Each structure stands twice: as structure tokens, then as C-alpha cells.
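The next block holds one structure in the form of C-alpha cells; read it before the comments.
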Amino acid sequence: MPEIQPFSGIRYPRDGADLSRVLAPPYDVISPAQREELCERDPHNIVRTVLSPTPDEAGYAEAGATLHRWIDEGVLTREESPALYLLEQTFEVEGETHKRMGLLTRFRAEDPERRVILPHEHTRKAAKEDRWKLLQTTRVNFSPIFMMFPDPEGRFAALAADALGRAPLVAFTDDGGVAHRLWRVDDDAGIAGWQSFLGAIPAYIADGHHRHATALRWRDEHGPDGAWTLGCLTTLEDPGLLVLPYHRILSEGPSLEEAAPR
Numbered sequence: 290m291p292e293i294q295p296f297s298g299i300r301y302p303r304d305g306a307d308l309s310r311v312l313a314p315p316y317d318v319i320s321p322a323q324r325e326e327l328c329e330r331d332p333h334n335i336v337r338t339v340l341s342p343t344p345d346e347a348g349y350a351e352a353g354a355t356l357h358r359w360i361d362e363g364v365l366t367r368e369e370s371p372a373l374y375l376l377e378q379t380f381e382v383e384g385e386t387h388k389r390m391g392l393l394t395r396f397r398a399e400d401p402e403r404r405v406i407l408p409h410e411h412t413r414k415a416a417k418e419d420r421w422k423l424l425q426t427t428r429v430n431f432s433p434i435f436m437m438f439p440d441p442e443g444r445f446a447a448l449a450a451d452a453l454g455r456a457p458l459v460a461f462t463d464d465g466g467v468a469h470r471l472w473r474v475d476d477d478a479g480i481a482g483w484q485s486f487l488g489a490i491p492a493y494i495a496d497g498h499h500r501h502a503t504a505l506r507w508r509d510e511h512g513p514d515g516a517w518t519l520g521c522l523t524t525l526e527d528p529g530l531l532v533l534p535y536h537r538i539l540s541e542g543p544s545l546e547e548a549a550p551r
């Protein structure tokens with residue numbers, strides 16, 4: 290498992306339905322029309338910073354300027370002390386309700402050869418360049434790299450139990466009907482427990498290969514202290530870790546004779 294550290298999160302001082310107005314889906318599934326709708330929904334919707342309005346230097350500069358202006362104006366606030374964050378997501382698939390837990394943390398990006406963080410996808414230059422330019426102008430990680438790891442003894446749940454016994458920091462439901470609840474873990478003993486638990490377990494990237502590649506590039510250009518990025522860690526045994534079919538439709542494909550097994 291990569292080295293982890295607590296961090297001072299930047300978040301909206303909102304909750305519930307008011308918070309839902311300023312949230313957006315992952316950047317890579319937002320169409321131009323949806324981006325426009327989100328901007329119209331609330332002038333402070335996060336889509337203005339996570340997805341450049343235009344694919345040029347001016348667009349990335351605008352996203353960075355918007356983010357830092359919102360921080361200066363108090364639209365977004367930075368937590369006074371560093372913490373780890375537990376995230377619970379409740380959602381429905383084919384009429385059945387599922388729940389998934391994750392740990393939001395600052396972690397050190399590692400080269401695949403070290404076998405600490407294990408990728409499984411090829412990355413594309415255009416997507417990596419987009420995330421690189423946005424990181425340059427904002428200096429913020431907006432979307433966590435989603436990683437999974439084995440936990441056959443159920444230690445994740447045991448470590449999370451104390452925080453989950455308290456009222457959540459925020460709770461809201463997104464456009465997809467997913468209910469989110471977030472807790473802070475900011476006591477020294479709790480943080481040390483998570484660091485000890487995760488220190489010797491390899492993690493697999495489930496989503497976020499381009500962001501991880503961008504973090505490695507940032508490290509290469511800024512030195513070892515620049516290797517830190519944002520991740521969300523969940524266990525392979527979590528019942529809410531679903532792997533759904535990924536279908537593709539080909540407009541042009543091989544004939545039945547060509548596709549037949551030989």
C-alpha cells in the first residue's frame with residue numbers, strides 16, 4: 290500500500306440539498322451540454338474548476354483563477370487541521386440497495402515497477418495532458434484515485450467503527466441518486482492505526498490511471514515532495530464494490546465468418 294498522510298481538505302461550507310447544487314459528476318463523463326446545465330444550476334458549481342471551459346491555455350487559467358477566487362471569498366474553505374476522511378456511499382443497482390465505504394487520504398504516488406500501486410490500463414496522452422494543465426493552474430486534486438486492496442480479516446470496518454458512531458460531517462445526495470456521508474478522522478491514534486494497517490498491503494487502481502500518471506509527472510518535475518496526491522481506498526471484500534458489464538457497440542466490425550473461433 291502506498292504511504293498515506295492526513296490532509297487539510299478544501300470543501301464547501303454547505304450540506305444537504307444546498308451542497309448537491311454545487312457538485313458535479315466525474316470530469317470525464319460530463320458532456321458540454323451537461324457542463325452548461327451545471328453552471329446554470331449554481332454560479333459556484335465545481336464543474337467550473339474541474340473541467341476547463343475551453344481546451345486551451347486560457348481555459349485552464351480561468352479554471353485556476355476561479356478556484357483561488359472562491360477560496361479567497363470563502364465559497365470554499367480549507368479545514369483548519371489535517372485529517373483522513375471516511376466516505377460512505379449508498380446506491381441502487383437493478384432494484385437492490387448497496388453500500389460502499391472508502392477512506393479518503395493523501396498518498397504517495399509510486400512507479401508501477403515498485404509493485405506498491407498496481408495499474409492495469411494503458412493511458413492516453415490527451416487525457417494526461419488535460420489533467421496536467423489543470424493541476425498546473427489549480428494546484429489541487431479534485432477527484433480521488435479510486436484504489437482497492439484485500440482485507441480478509443475485516444480490519445477496515447474495525448478501524449472505521451469509532452468514526453461511524455458519530456454524526457457525519459456532511460451528508461448529501463447527488464444527481465445519480467447516490468447518498469454520500471462523510472466523517473473526519475483527526476485523532477493521532479486513529480490516523481496512526483490507518484497508517485499501520487495500510488502500510489504493507491498492495492493497492493490496485495480501479496479508476497484514475499491518468500490522474501496517477503499525472504501525479505508521477507508532477508513528482509518528476511517537482512521532486513519527491515510533489516509525489517502526493519488524493520486517493521479513495523476501499524476493500525476488495527466490500528459488498529458495495531460492484532463490477533458491472535462494460536459494453537461497446539461497433540459501428541463497423543468483422544463478419545461472422547471472420548469472428549468465428551478457429
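Just so you know, we're using our numbering here: the sequence shown kicks off at 290 and counts up by one. Using N, Cα and C, we set each Cβ at its ideal position, and we do this for glycine too. Everything numeric in this text was worked out from a predicted model, so none of it was measured.
The shortest C-alpha to C-alpha distance from Asp440 to any of Trp507, Pro534, Asp475 and Thr523 is the one to Thr523. Leaving aside the five residues that flank Glu526 on each side, the residues in its chain whose CB is nearer than 8 Å to its CB run, in chain order, Pro439, Asp440, Pro441 and Gly443.
Around the beta carbon of Ile293, 16 or more other beta carbons lie within 10 angstroms, which makes this residue buried.
Membership of Ile494 in the beta strand (DSSP E) is indicated by the continuous run Ala492 to Asp496. Scanning the region 314 to 388 for uninterrupted beta strand (DSSP E) segments of 3 residues or longer gives 373 to 382, listed from N- to C-terminal end.
Its Cα nearest to that of Ala449, the residue Leu392 stands out among Leu392, Pro543 and Trp359. The region 496 to 512 makes no contact with the region 378 to 386: fewer than 3 CB pairs, one atom from each, lie closer than 8 Å. For Thr426, the enclosing alpha helix (DSSP H) covers residues Lys414 to Thr427. DSSP places His469 in the strand class (E or B) of the three-state scheme. Between the beta-carbon of Leu373 and that of Thr394 there is about 5 Å, and that keeps the pair under the 8 Å contact cut. Assignment of Gly391 by DSSP, reduced to helix, strand and coil, places it in the strand class. At least 8 Å separates the beta-carbon of Val339 from that of Phe461. Annotation for Leu487: the continuous alpha helix (DSSP H) segment containing it runs Asp477 to Leu487.
Checking the DSSP bridge columns, you'll see Trp517 partnered with Arg397. Comparing alpha-carbon positions, the option among Arg337, Pro291, Asp317 and Phe296 lying closest to Arg310 turns out to be Arg337. In its chain, beyond the 5 residues on either side, Arg337, Thr338, Val339, Leu340, Ser341, Pro342, Leu423, Thr426 and Thr427 have a beta carbon closer than 8 Å to the beta carbon of Ala352.
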